[in-house]
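Undergrad: Just dropping this structure here.
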Amino acid sequence: MLKGLMRRVGNVLRGRTTLDEETVEELEAALVQADVSVPVAMEMAQQLRERAERERVTDEEGLLQLLRDEAYQRLAPHEGEIELADSPPTVILVLGVNGVGKTTTIAKLAHMFKSQGRNVLLAAGDTFRAAAVEQLQRWGERVGCDVIAQKMGADPGAVMFDALEAAKARGTDVVIADTAGRLHTKVNLMEELRKMGRIIERANGRPADERLLVIDANTGQNAINQAREFNQAVDVTGIAITKLDSTAKGGALLSLTAEMEIPLKLVGTGEKLEDLELFSAREFADGIV
Ligand SMILES: Nc1nc2c(ncn2[C@@H]2O[C@H](COP(=O)(O)OP(=O)(O)OP(=O)(O)O)[C@@H](O)[C@H]2O)c(=O)[nH]1
Ligand SMILES: [Mg+2]
5 MLKGLMRRVG
15 NVLRGRTTLD
25 EETVEELEAA
35 LVQADVSVPV
45 AMEMAQQLRE
55 RAERERVTDE
65 EGLLQLLRDE
75 AYQRLAPHEG
85 EIELADSPPT
95 VILVLGVNGV
105 GKTTTIAKLA
115 HMFKSQGRNV
125 LLAAGDTFRA
135 AAVEQLQRWG
145 ERVGCDVIAQ
155 KMGADPGAVM
165 FDALEAAKAR
175 GTDVVIADTA
185 GRLHTKVNLM
195 EELRKMGRII
205 ERANGRPADE
215 RLLVIDANTG
225 QNAINQAREF
235 NQAVDVTGIA
245 ITKLDSTAKG
255 GALLSLTAEM
265 EIPLKLVGTG
275 EKLEDLELFS
285 AREFADGIV
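Laid out in structure tokens, this is it:
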């Protein structure tokens, strides 16, 4: 999956049999180019060097295997999954800056739950962007689940309230809420998300069970800033990484996990309903080489 990282690091290690100072520096640079932050890249390169010496690994394939393992060790503690609440409806609030793939991920998740035999309701909480409501409604039709929506410009809190009322009346298993990726200002957006959170808490007797942050794998270092900001607003419980089918470098995940405790839960690998996987540290790390 980390195609860019694979290529870059592969190029550095190709034909090497020892990790001399120069190779370590090149390896650091390759990791940084694949969106790993400088401190984490330095740490990884250093650890790789120490392990190679200790374990007397001298061939290219062995070095690559060590790197895979290094990435795995870093990601494995962060592996998580979406869990359903004991008392339905499970409420999943989906967040992220504009264009990262929130609405598509919602449709994929709804499709996944439907195929497990659960009934799903979508809430059109992005009332800001033109046509956002219609986009979610089209997905709802394709997936085969109802969408609770109001007009563009409506209060997303009111949409959430409606959706939870409907969910309780119908015995819905899972409510998945779309949110805006952009408002007039970022402060507005964060305030609106907090407000949606409060309304969910009041209407469902507990905070949204999942506050899922969607991050585009192409985002690079900025992914960490996004995670920090959304986490401050709503206490993110999980991350979905989208567009890993593209040329995305994905290295930012390695720095993100170095800094934050948020579990990695889902991986988006395309534009179709089926293109959603549970996050696997092993697969992700193996994809490096
Ligand atoms: N290749 C690829 N494209 C994706 C993936 N997920 C989403 N997309 C595409 O990314 C674009 C934006 O997706 P949306 O789901 O509309 O993103 P959003 O975050 O809801 O965007 P806003 O509503 O504008 O904030 C669309 O063209 C999607 O088809 C993925 O995993 N892989
Ligand atoms: Mg959207």
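Positions 5 to 293 (our numbering) are the ones given, in order, by the sequence shown. Every residue, glycine too, gets a C-beta built ideally from N, C-alpha and C.
1) Enumerate in chain order the residues of its own chain whose CB-to-CB distance from Val-16 is below 6 Å, with the five nearest sequence positions on each side excluded.
2) Which value, in whole angstroms, describes the spacing of the CA atoms of Leu-126 and Glu-138?
3) Going by DSSP in three states, Leu-257 sits in which element: helix, strand or coil?
4) Inspect the CB distances between the stretch 179 to 188 and the stretch 60 to 78 and report whether three or more fall short of 8 Å.
5) Which of the three DSSP states is assigned to Leu-277 in this structure?
6) Shortest alpha-carbon distance to Gly-144 belongs to which of His-115, Asp-130, Ala-171, Leu-99?
7) Can you say whether Glu-54 is buried or exposed, counting buried as having 16 or more other CB atoms within 10 angstroms of its CB?
8) On the three-state DSSP scale, how would you describe Ala-231?
9) Enumerated in chain order, which unbroken segments of the alpha helix (DSSP H) with a length of 4 residues or greater are wholly contained in the stretch 100 to 135?
10) Identify, in the order they occur along the chain, each residue of the same chain with its Cβ nearer than 7 Å to the Cβ of Ala-89, setting aside the five sequence neighbours on each side.
11) Which class does Thr-27 belong to by DSSP, given the choice of helix, strand or coil?
12) Beta carbon of Glu-29: closer than 6 Å to some heavy atom of ligand 1?
13) May I have the straight-line CA-CA distance separating Thr-306 from Ala-256, to the nearest angstrom?
14) Could you please give me the residues that DSSP links to Glu-64 through a beta bridge?
15) Going by DSSP, what residues sit across from Glu-214 in a beta bridge?
TA: Reading it off the structure:
1) Glu-30, Leu-31, Ala-34
2) 12 Å
3) helix
4) no
5) coil
6) His-115
7) exposed
8) helix
9) 106 to 119
10) Asp-213
11) helix
12) no
13) No answer is possible for residue 306: it lies beyond the span of the chain, which begins at 5 and ends at 293.
14) Looking at the DSSP assignment, Glu-64 forms no beta bridge with any residue, so it has no partner.
15) Ile-96
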